[in-house]
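> Got a structure here, written out as structure tokens. Questions coming.
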Amino acid sequence: MGVYYYKSEERLKMISKILEESKEPVKSKIMAEELGVSSKTIQRDIKKLRSTNQIIIGKLSKSGGYLKK
Numbered sequence: 001m002g003v004y005y006y007k008s009e010e011r012l013k014m015i016s017k018i019l020e021e022s023k024e025p026v027k028s029k030i031m032a033e034e035l036g037v038s039s040k041t042i043q044r045d046i047k048k049l050r051s052t053n054q055i056i057i058g059k060l061s062k063s064g065g066y067l068k069k
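Residue numbers (the UniProt record's numbering): 1 to 69.
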């Protein structure tokens, strides 16, 4: 069984869903591990979501800042 890499569009939808369903802040590092990508990729995806006017509360940092929608 191999690792499945999500396409960018699928990943954006999944990140949005994770943040909507979470009652607590989610670390980008943990999301990255769940989705099989780097923390930097999650940070880029968060910037893309913000550019589409989605409200995401929290800060991004190299250590994997907290995110919440």
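Yeah, the Cβ is synthetic: ideal placement off N, Cα and C, and Gly gets one too.
1) Grab the span of the alpha helix (DSSP H) containing Q43 for me, first residue to last.
2) Where D24 and I30 are concerned, what is the direct C-alpha to C-alpha distance, given to the nearest angstrom?
3) Where does the unbroken alpha helix (DSSP H) through I17 begin, and where does it stop?
4) Restricting to Cα atoms, I'd like to know which of I15, T41 and E33 is closest to I55.
5) By Cβ distance, which residues of its chain are closer than 8 Å to L49, with the 5 residues on each side in sequence left out?
6) Mark N38 as exposed unless 16 or more other C-beta atoms lie within 10 angstroms of its C-beta, in which case mark it buried.
On the basis of the supplied data:
1) S39 to S51
2) Before going on, a small fix: residue 24 reads as Glu here, not Asp. Roughly 13 Å between the two C-alpha positions.
3) Reading the sequence as shown, one finds Lys at residue 17 and not Ile. Segment S8 to E21, the alpha helix (DSSP H) holding K17.
4) Closest option to I55, Cα to Cα, is I15.
5) L12, I15, S16 and I56
6) This sequence places Ser at residue 38; Asn is not what is there. Classification for S38: exposed.
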